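Data block below; observations after.
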Amino acid sequence: MSALVLVVEDEEDLIAALEFNLKREGHTTRVATTGEVALRAATEEPIPDVILLDLMLPDVSGTEICRRLKAEPRTRHVPIIMLTAKGEEIDRVIGLEVGADDYVVKPFSVRELMLRVRAILRRAQSSETPNAVVGGERRFADLRVDPEAHRAWVGAFEITLTALEFKLLTTLLDRKGRVQSREQLLEEVWQMPSELTTRTVDTHVKRLRQKLGHAGDYIETVRGVGYRFLDRPREAP
1 MSALVLVVED EEDLIAALEF NLKREGHTTR VATTGEVALR AATEEPIPDV
51 ILLDLMLPDV SGTEICRRLK AEPRTRHVPI IMLTAKGEEI DRVIGLEVGA
101 DDYVVKPFSV RELMLRVRAI LRRAQSSETP NAVVGGERRF ADLRVDPEAH
151 RAWVGAFEIT LTALEFKLLT TLLDRKGRVQ SREQLLEEVW QMPSELTTRT
201 VDTHVKRLRQ KLGHAGDYIE TVRGVGYRFL DRPREAP
C-alpha cells in the first residue's frame, strides 16, 4: 500500500533514515523540520496519508501541532504517530489526549516503526470500507455505543473517543466476559504483529477508562494476561 508520509523531524540523520526506509516500503515522503513548516506541509495537496511527528521541535511543540491538525477539518482524519525522546507515561497520555494515534519513544527500531505505519494505513483503509465496525446499538448498564454513528454515551453524556479508542471499546464490549490478551488486542485493534514490545495497549486502555468515567470500571485488568469487559453489570451494593 503506497502512501504519502509527512515526516516532521529536525534531526537530519533520522530524516535520512526514515526517508530511506519509507521509500523502500513503497511510500513517498514530504519533510518538515519546524512546526510552522509542518502545519503548512500537512495542508498542502495532496494531503498526507500519515504523519510522523517529532514532539521536540525548535519552534512549535509536537503536541500543539497535533492539536491544531486534529482541529482542522482538512487534516483531522490524518493518522499521527508521535516520535519522541520523552518516554514518561504522562507524555504518552498527553499525546493521545490531543489526538495522536500512536506514540514511539526514541531510540526506536525502524522496523517496528515501519510496521506501525503499515498498521495505521491498514486501519485507515478498513475504516472507509463496509468491513468497518457496523451493527446495531450496544448497551451495557448505562453505557450505550452506536458503531454505525461512531458515538458513545455514558448515561446522558456523550463521550468523545478517537478512532482507536472507539475500536478498542467495541472490541472489548463485543467480547464481554472473555479475556483479551494484549497480543490479541495489538493484532486486532492496532493490526500490528503481537511480537512487538509495546505499552500502547495499556496506555490506550488507561485513557479509555478515564474518558468513560465510572463506566471505565466495566473494563477489568486480568493480571499477567490482558483485559476483560464484564460479562454482566455489577449489582449496586
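When we follow my numbering, the leftmost residue of the sequence shown carries the number 1, and every step to the right adds one. Backbone N, C-alpha and C define an ideal beta-carbon position, used for all residues, glycine too. Fair warning: this is a prediction, and the values are worked out from it, not measured in the lab.
Original post:
Of the residues Leu212, Leu55, Thr84, Ile81, which one's Cα is nearest the Cα of Val145?
Top reply: Leu212
Subject >> Glu137 to Leu57 span [Cα, whole Å] >> reply: 43 Å
**OP:** Locate the alpha helix (DSSP H) running through Phe20, then write down its first and last residues.
**Re:** 12 to 24
Original post:
Rounded C-beta distance between Ala152 and Phe166? I'm assuming under 8 Å.
Top reply: 7 Å
**OP:** Under 8 Å by Cβ, that's how I've got His204 and Leu96 pegged, so tell me the actual separation to the nearest angstrom.
**Re:** 7 Å
Subject >> Alpha-carbon spacing of Gln184 relative to Ala156, whole angstroms >> reply: 32 Å
**OP:** Determine, using beta-carbon pairs with one atom in the region 173 to 183 and one in the region 66 to 74, whether at least three such pairs fall under 8 Å.
**Re:** no
Original post:
From Thr200 to Gln191, what does the alpha carbon distance come to, in whole angstroms?
Top reply: 12 Å
Original post:
Would DSSP call Arg228 helix, strand or coil?
Top reply: strand
Original post:
Three-state secondary structure (DSSP) at Phe157?
Top reply: strand
Subject >> CA-to-CA distance, Leu22 to Glu72, given in whole angstroms >> reply: 26 Å
**OP:** Out of Val78, Met114, Glu112, state which residue places its alpha-carbon closest to the alpha-carbon of Ala100.
**Re:** Ranked by Cα distance from Ala100, the first of Val78, Met114, Glu112 is Val78.
Subject >> Cα-Cα separation between Leu169 and Ile51, rounded to whole angstroms >> reply: 25 Å
Original post:
For Ile51, which beta-bridge partners are listed by DSSP?
Top reply: Leu6, Ile80
**OP:** Quick one: residues in its chain with C-beta nearer than 6 Å to the C-beta of Gly216, no 5 flanking neighbours on either side, listed in chain order?
**Re:** In its chain, beyond the 5 residues on either side, Arg209 have a beta carbon closer than 6 Å to the beta carbon of Gly216.
Original post:
When we look at the beta-carbon of Phe108 and count the other beta-carbons within 10 Å, is it buried (16 or more) or exposed?
Top reply: exposed
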